[in-house]
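S.K.: I am attaching a structure below and will ask some questions about it afterwards.
There are 2 protein chains.
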Amino acid sequence: MAKEGVDMTEETEYMIDRHAGKEAVNVESPSNAKEMRAVVLAGFGGLNKLRVTKKAMPEPQDGEVKIRVKACGLNFLDLMVRQGNIDNPPKTPLVPGFECCGIVESVAENTQGFEIGDRVMAFMNYNAWAEVVCTPVDFVYKMPDDMTFTEAAAFSLNFVAAYMMLFEVASLQEGMSVLVHSAGGAVGQAVAQLCSTVPNVTVFGIASCFKHTSIKDSVTHLFDRNADYIQEVKKISPDGVDIVLDCLCGENTGKSLSLLKPLGTYILYGASNMVTGETKSFFSFAKSWWQVEKVNPIKLYEENKVIAGFSLLNLLFKQGGCNLVKSAMDKLLSLYEQKKIRPVVDSLWALEEVKEAMQRIHDRGNIGKLILDVEKSPTPLMANDSTETSEAGEEEEEPEGDNDSKERMPFIH
Amino acid sequence: MAKEGVDMTEETEYMIDRHAGKEAVNVESPSNAKEMRAVVLAGFGGLNKLRVTKKAMPEPQDGEVKIRVKACGLNFLDLMVRQGNIDNPPKTPLVPGFECCGIVESVAENTQGFEIGDRVMAFMNYNAWAEVVCTPVDFVYKMPDDMTFTEAAAFSLNFVAAYMMLFEVASLQEGMSVLVHSAGGAVGQAVAQLCSTVPNVTVFGIASCFKHTSIKDSVTHLFDRNADYIQEVKKISPDGVDIVLDCLCGENTGKSLSLLKPLGTYILYGASNMVTGETKSFFSFAKSWWQVEKVNPIKLYEENKVIAGFSLLNLLFKQGGCNLVKSAMDKLLSLYEQKKIRPVVDSLWALEEVKEAMQRIHDRGNIGKLILDVEKSPTPLMANDSTETSEAGEEEEEPEGDNDSKERMPFIH
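Those protein sequence lines, which keep their order, are chains Z and F.
First residue of the first sequence: 1, per this note's numbering; consecutive thereafter.
First residue of the second sequence: 1001, per this note's numbering; consecutive thereafter.
Below, the structure is given as structure tokens:
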């Protein structure tokens, strides 16, 4: 945690309320409990704004299911939420998290299609990082029988985003080329797998050097983020590429546009360059807005180029796109059952370890998805601290674990 | 011609060189002629910069065919060229025109796929408005047997542009909605026809009121350009539309973006709002560039929107896109042969009438395509001048006409 700021002094080890949290799991019977554990963001700011506390048990409303959560996905966007570095941030305190999976524990009236005991994954408009969630069935999908909870928590957001960008915003077809920034991230890995379902697609990946060994087989060509990757790509493909997927924003926008072939599509699906330090002022979002290079439509006309933005969560929760997403999910689950795609999991973390997990994604240390495993206990502190934990990962015993495979289990410091 | 400026004083009737031009046709044998008639733009500016003059007969180079031209298409872009109101305008004098059709008269060495006598249509990088053109076969397509030359001259540019925008830049699918500005223009009419080849597509058309009677059957809903069409469309389709096609640019860009559904696509394929008067200063293009509303990629991200530009001519002649265009043309010719599409022709004009034709398109008087009919003689002056010539159109005798159907034959003043 060497990179963290001074406001981390008090809480470098465990979360304040972890003992309370463990009691909730161990002492009370889940089905009768009036409270549950959840990660709470007390206010926008640094890692010290995060707590695990008890919250009142939610009950499902008409059209909703109540889910006993097994695992949650952690995304870069959660960091931006923590900093308040998003448009129209909600009020704090709040429970973060946009996706989870688990078992249906009860079904409210006027709720179609689900039964108690169903294994499901769900998108949430916040509130996912908790032992129990309630959500309308529009955002809930049944898990395939052979999908583990770890996989399910790593599946929904990244694969749906990758799929919709490649096949609905752009139109990926045989013989095309795709450049993906952050090739080692969870979306990047999903993009690479989906590209391999189409014949003869060339994938150019950009990633930090230390990830290259782990991900080199997932893409056709891999470049260092710090190298002049524009020139490198042009050496291989002088005409440029058909699709660019960018979650960084900033200077990459102009560079990426210049790499597009005629009729090529640049898709911005995040703005992680907006996050530079651990904390950020409340004016960051507005500042970033103005710093981003604007695009002149006449330039697009002259160059025959397409620029798109994609935000799965806005599509789901602000723009009524749940049917579009359902359709994409159906196709993805079919690909999963054909064993053509499988989420890449970086590491599993207890709720109490959410700060360490966030630091890892902030440092771009991850390869694939970070998962919050609700039933996992915090890992004991290790002597040799390292932010590149995936390099040093090893299996450890999991006292309350389910039967999911745990691909990476990093040392926690 | 009431709207034309003072620089029109000398040439309100015929072009200076029309008698020379007629001699070339009537006296000399075409195959032995060393000269041919062509429209020449002497310099950028008003209508008075256009002449019909004799030019040296071109001869095909390796990989080219020589085409005896029967008819040429006139596009709004030709007005912008005349004014020099494009990026990097070429040197004058030049022969304008980007598309024509005719009969292959000779074939150079190393030229595959065409024979003398083939009926063809061709894209040209200028130089189309002439009795004879030479062009690489990459830009030449064989005409279906039952397509007339008038139809062919109205077909290539507008249908290929409409097709590629609807099906390759956007992905028009069953049940979608399309808004087209300039619904009465040649691209607008092509868009409407192509939309009708997909089940259950709603087409919103914007056009000047006086065109409504003529085109109302081609679209689902028709609105007046001067009305608050945004509100009208939203009344019918509160969620907005899937695709907007805009050749106007300017204030329509922001309005159109606001009308898009999530994942919807706005395509700019022209900037005719840049042309306001008959002449324009040389700085107009740069001025327009800066006046156009720029788009922030983060806005696209938040709203899940796509903005694209499409210039068929840049794709063909600057960006090596002839194979993409060939593929679109193949599909279009198949639709034509199935009688699912048919170009709408506004009016036919002799080369000597190019100024009147340009004025008509400048005034947005046309419904469908304006054609320069190379074998047509200038129509006699009529006493009652009218710019809305299509309202007063009637058939007239055509001394040198081929067998093409001449849908509209306006009085010329």
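The beta carbon of each residue, even a glycine, is placed where N, CA and C say it ideally should be.
Given the structure is predicted, the values throughout are model-derived calculations rather than measurements.
Check whether the segment 1060–1079 of chain F and the segment 1129–1140 of chain F are in contact - that is, three or more C-beta pairs closer than 8 angstroms.
M.R.: yes
S.K.: Just to confirm my understanding: we take V1095 (chain F), look at its own chain, exclude 5 residues before and 5 after, and list those with CB closer than 8 angstroms. What are they?
M.R.: Residue mapping note: residue 1095 (chain F) aligns to position 95 of the second sequence, counting from 1. A1038, V1039, V1040, L1041, K1055, Y1126, N1127, A1128, W1129 and A1130, listed in sequence order.
S.K.: With a cut-off of 8 angstroms, do at least 3 Cβ pairs link the segment 318–325 of chain Z to the segment 341–353 of chain Z?
M.R.: no
S.K.: Could you check where the alpha helix (DSSP H) with F1076 (chain F) kicks off and where it finishes?
M.R.: The residue given as residue 1076 (chain F) occupies position 76 in the second sequence. Where F1076 (chain F) is concerned, the enclosing alpha helix (DSSP H) stretches over F1076 to R1082.
S.K.: Are there three or more Cβ pairs, one per stretch, closer than 8 angstroms when the segment 161–174 of chain Z is compared with the segment 139–146 of chain Z?
M.R.: no
S.K.: Evaluate E1327 (chain F) with the Cβ neighbour count: other Cβ atoms within 10 Å of its Cβ, from every protein chain shown; 16 or more gives buried, anything less gives exposed.
M.R.: Mapped onto the second sequence, residue 1327 (chain F) falls at position 327. For the record, residue 1327 (chain F) in the displayed sequence is Ser; it is not Glu. It is exposed - the Cβ of S1327 (chain F) has fewer than 16 other Cβ atoms within 10 Å.
S.K.: Apply the 10 Å Cβ neighbour rule to G254 (chain Z) and answer buried if 16 or more other Cβ atoms are within range, or exposed otherwise.
M.R.: Along the first sequence, read from residue 1 onward, the residue named residue 254 (chain Z) stands at position 254. Burial call: exposed.
S.K.: Tell me the residue span of the beta strand (DSSP E) that contains T1135 (chain F).
M.R.: Position 135 of the second sequence, counting from 1, holds the residue named residue 1135 (chain F). That run of the beta strand (DSSP E) goes V1132 to P1136.
S.K.: Name the residues in the segment 73–93 of chain Z whose C-beta lies less than 7 angstroms from a C-beta of chain F; which are they?
M.R.: D87
S.K.: In chain order, what residues of the same chain have a beta carbon less than 6 angstroms from the beta carbon of A357 (chain Z), not counting five sequence neighbours either side?
M.R.: Position 357 of the first sequence, counting from 1, holds the residue named residue 357 (chain Z). Correct list, in chain order: L74, W349 and L370.
S.K.: Looking at the structure shown, is S214 (chain Z) part of a helix, part of a strand, or coil, going by DSSP?
M.R.: In the first sequence, the residue the question calls residue 214 (chain Z) occupies position 214. Here S214 (chain Z) sits in helix by DSSP.
S.K.: Please report the straight-line C-alpha distance between L465 (chain Z) and L1077 (chain F), rounded to a whole angstrom.
M.R.: Only positions 1 to 413 of chain Z appear in the structure, and residue 465 (chain Z) is not among them; the question remains open.
S.K.: Taking the alpha carbon of I215 (chain Z) as the point to measure from, which residue in Z:G184, Z:V241 and Z:S208 has its own alpha carbon closest?
M.R.: Start at 1 with the first residue of the first sequence, and residue 215 (chain Z) comes out as number 215. Ranking Z:G184, Z:V241 and Z:S208 by Cα distance to I215 (chain Z) puts Z:G184 first.
S.K.: How would you call T1150 (chain F), buried or exposed, if buried means at least 16 neighbouring beta carbons within 10 angstroms?
M.R.: Counting from one through the second sequence, the residue named residue 1150 (chain F) turns up at place 150. Burial call: buried.
S.K.: Can you tell me which residues form a DSSP beta bridge with K1299 (chain F)?
M.R.: Start at 1 with the first residue of the second sequence, and residue 1299 (chain F) comes out as number 299. Residue pairing of K1299 (chain F) in beta bridges, as defined by DSSP: absent, with no partner found.
S.K.: Does the structure place the segment 329–337 of chain Z close enough to the segment 1181–1199 of chain F that three or more beta carbon pairs sit under 8 angstroms?
M.R.: no
S.K.: When you compare only the Cα positions, how much space is there between F159 (chain Z) and A186 (chain Z)?
M.R.: Numbered from its first residue, the first sequence carries residue 159 (chain Z) at position 159. Numbered from its first residue, the first sequence carries residue 186 (chain Z) at position 186. So the alpha carbons of these two residues sit roughly 8 angstroms apart.
S.K.: In or out: E1303 (chain F) buried (at least 16 other Cβ within 10 Å) or exposed?
M.R.: Counted from its first residue, the second sequence places residue 1303 (chain F) at position 303. Answer is buried; the Cβ neighbour count reaches 16.
S.K.: For G1005 (chain F) and Y229 (chain Z), what's the separation of their Cα atoms in angstroms?
M.R.: Within the second sequence, the letter at position 5 stands for residue 1005 (chain F). Within the first sequence, the letter at position 229 stands for residue 229 (chain Z). Only weak support is given to the placement of G1005 (chain F): the predicted model assigns it a pLDDT of 36, under 50, and the question is left unresolved by the model.
S.K.: Could you check what DSSP says for L1194 (chain F) in three-state terms: helix, strand or coil?
M.R.: What you label residue 1194 (chain F) is simply residue 194 of the second sequence in a count that begins at 1. Note: L1194 (chain F) maps to helix in three-state DSSP.
S.K.: For I1236 (chain F), is the classification buried or exposed, using 16 other Cβ atoms within 10 angstroms of its Cβ as the cut-off for buried?
M.R.: If you number the second sequence from 1, residue 1236 (chain F) lands on position 236. The residue is exposed, with fewer than 16 neighbouring Cβ atoms inside 10 Å.
S.K.: Let's test the definition: count the other Cβ atoms within 10 Å of the Cβ of P93 (chain Z) and tell me whether it reaches 16, buried, or not, exposed.
M.R.: Walking along the first sequence from the start, residue 93 (chain Z) turns up at place 93. Looking at its Cβ environment, which holds fewer than 16 other Cβ atoms inside 10 Å, P93 (chain Z) is exposed.
S.K.: If you reduce the DSSP assignment to three classes, tell me which class V1219 (chain F) lands in.
M.R.: As a working mapping, residue 1219 (chain F) is identified with position 219 in the second sequence. Coil.
S.K.: Consider the Cβ of G1321 (chain F): report whether some Cβ of chain Z lies at a distance smaller than 8 angstroms.
M.R.: Mapped onto the second sequence, residue 1321 (chain F) falls at position 321. Yes, because at least one Cβ of chain Z sits closer than 8 angstroms to the Cβ of G1321 (chain F).
S.K.: Considering just the uninterrupted stretch of the beta strand (DSSP E) at L1268 (chain F), what are its terminal residues?
M.R.: As a first step, residue 1268 (chain F) must be located in the second sequence, where it is residue number 268. Annotation: the continuous beta strand (DSSP E) that includes L1268 (chain F) extends over L1260 to L1268.
S.K.: I need the straight-line Cα distance from P1144 (chain F) to E1337 (chain F), nearest angstrom please.
M.R.: In the second sequence, counting from the first residue as 1, residue 1144 (chain F) sits at position 144. In the second sequence, counting from the first residue as 1, residue 1337 (chain F) sits at position 337. Their backbone Cα atoms lie some 7 angstroms apart in a straight line.
S.K.: Out of F:K1299, F:M1329, F:E1232 and F:L1351, which has the shortest C-alpha to C-alpha gap to G1097 (chain F)?
M.R.: Taking the second sequence and counting its residues from 1, the one referred to as residue 1097 (chain F) is at position 97. Nearest of F:K1299, F:M1329, F:E1232 and F:L1351 to G1097 (chain F), Cα basis: F:L1351.
S.K.: Report the rounded CA-to-CA distance for V107 (chain Z) versus I1307 (chain F), giving the unit in angstroms.
M.R.: Mapped onto the first sequence, residue 107 (chain Z) falls at position 107. Mapped onto the second sequence, residue 1307 (chain F) falls at position 307. Those two C-alpha atoms are separated by around 42 angstroms.
S.K.: Determine the contact status of G84 (chain Z) and Y1301 (chain F), defining contact as a CB-CB distance below 8 angstroms.
M.R.: Residue numbering aside, residue 84 (chain Z) sits at position 84 when the first sequence is read from its first letter. Residue numbering aside, residue 1301 (chain F) sits at position 301 when the second sequence is read from its first letter. Contact flag unset, no.
S.K.: Taking any Cβ of chain Z, which residues in the segment 1170–1199 of chain F have a Cβ under 7 angstroms from it, in chain order?
M.R.: S1171
S.K.: Would you call D1246 (chain F) buried or exposed, if buried means 16 or more other Cβ atoms sit within 10 Å of its Cβ?
M.R.: Taking the second sequence and counting its residues from 1, the one referred to as residue 1246 (chain F) is at position 246. That one is buried.
S.K.: I want to verify the contact list: residues of chain F whose CB lies under 7 angstroms from the CB of V65 (chain Z), in sequence order.
M.R.: Taking the first residue of the first sequence as position 1, residue 65 (chain Z) is located at position 65. Simply none; closest approach about 25 angstroms.
S.K.: Pick helix, strand or coil for F1098 (chain F), following the three-state DSSP scheme.
M.R.: Start at 1 with the first residue of the second sequence, and residue 1098 (chain F) comes out as number 98. Coil, per DSSP.
S.K.: Short check: CB of H1181 (chain F) to CB of L1260 (chain F), under 8 angstroms?
M.R.: Here residue 1181 (chain F) refers to the residue found at position 181 when the second sequence is read from its first residue. Here residue 1260 (chain F) refers to the residue found at position 260 when the second sequence is read from its first residue. Against a cut-off of 8 angstroms, the Cβ pair of L1260 (chain F) and H1181 (chain F) comes out as no contact.
S.K.: Compare the Cα-Cα distances from V244 (chain Z) to each of Z:A122, Z:D217, Z:Y269 and Z:A154 and report the closest residue.
M.R.: Locating residue 244 (chain Z) in the first sequence gives position 244, where the first residue counts as 1. Ranking Z:A122, Z:D217, Z:Y269 and Z:A154 by Cα distance to V244 (chain Z) puts Z:Y269 first.
S.K.: On a Cα-Cα basis, can you pick out the residue from F:P1058, F:L1047, F:N1048 and F:N1296 that is closest to N1032 (chain F)?
M.R.: As a first step, residue 1032 (chain F) must be located in the second sequence, where it is residue number 32. Answer by Cα proximity: F:P1058.
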